[in-house]
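Residue numbers (my numbering): 34 to 194. Think of the CB as a built atom: it goes at the ideal place given N, C-alpha and C, for glycine as much as any other residue. This structure is a prediction, so every number in the text was calculated from the model and none was measured. Below is one structure, written out as structure tokens; the observations come after it.
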């Protein structure tokens with residue numbers, strides 16, 4: 034019985050630490066202030082959700098990009114509902130052993146913030162926003178494999194030089 038309580042306690046601590054690491058933004062303005070920085074670093078933000086099959090298919094490519102391309106900062110911005118963070122998003126991230134930064138963006142006023150990412154973004158996901166300083170590149174599409182994503186990111190990097 035003591036072992037069961039100890040295991041339960043440990044799992045609660047692990048779950049809590051994952052939840053604490055996952056930043057939740059209820060307003061795009063807060064997301065923008067924290068994530069979209071005007072510096073020389075190269076950011077790759079993938080907008081996705083656990084209910085989006087094409088998003089799930091390409092997540093391993095972003096995880097591999099995070100692990101292999103040290104020139105970029107990969108951020109996975111989940112658009113899952115706030116009510117799904119604890120029961121779906123956090124367990125999904127844990128199960129998939131995602132090490133890239135995952136954040137939750139819950140601002141449902143899409144018409145106000147989508148154009149701030151890209152004027153022509155319809156709102157469909159997956160979508161990827163790459164930026165560094167004032168340079169920006171947006172892809173409202175799914176990447177078919179890691180090489181395609183990596184080449185797309187490296188094209189941005191090479192144009193920046």
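Across which residues does DSSP place residue i in a beta bridge pair?
{"i": "residue 146", "result": "The partner list for residue 146 (beta bridge, DSSP) is empty, contrary to what the question assumes."}
{"i": "residue 164", "result": "76 and 169"}
{"i": "residue 58", "result": "138"}
So, are the CB atoms of residue i and residue j less than 7 Å apart?
{"i": "residue 94", "j": "residue 176", "result": "yes"}
{"i": "residue 113", "j": "residue 83", "result": "yes"}
{"i": "residue 57", "j": "residue 137", "result": "yes"}
{"i": "residue 133", "j": "residue 170", "result": "no"}
{"i": "residue 163", "j": "residue 77", "result": "yes"}
{"i": "residue 152", "j": "residue 193", "result": "no"}
Run the CB neighbour count on residue i, radius 10 Å, all protein chains shown included, and call it buried at 16 or more, exposed below.
{"i": "residue 81", "result": "buried"}
{"i": "residue 178", "result": "exposed"}
{"i": "residue 119", "result": "exposed"}
{"i": "residue 91", "result": "buried"}
Using only CA atoms, which one of the options lies nearest to residue i?
{"i": "residue 69", "options": "156, 100 and 166", "result": "166"}
{"i": "residue 131", "options": "103, 158, 107 and 62", "result": "107"}
{"i": "residue 65", "options": "155, 153 and 146", "result": "146"}
{"i": "residue 122", "options": "89, 105 and 71", "result": "89"}
{"i": "residue 99", "options": "183, 72 and 193", "result": "183"}
In angstroms with no decimal places, state the Cα-to-Cα distance between residue i and residue j.
{"i": "residue 161", "j": "residue 124", "result": "23 Å"}
{"i": "residue 144", "j": "residue 150", "result": "11 Å"}
{"i": "residue 174", "j": "residue 128", "result": "25 Å"}
{"i": "residue 71", "j": "residue 155", "result": "24 Å"}
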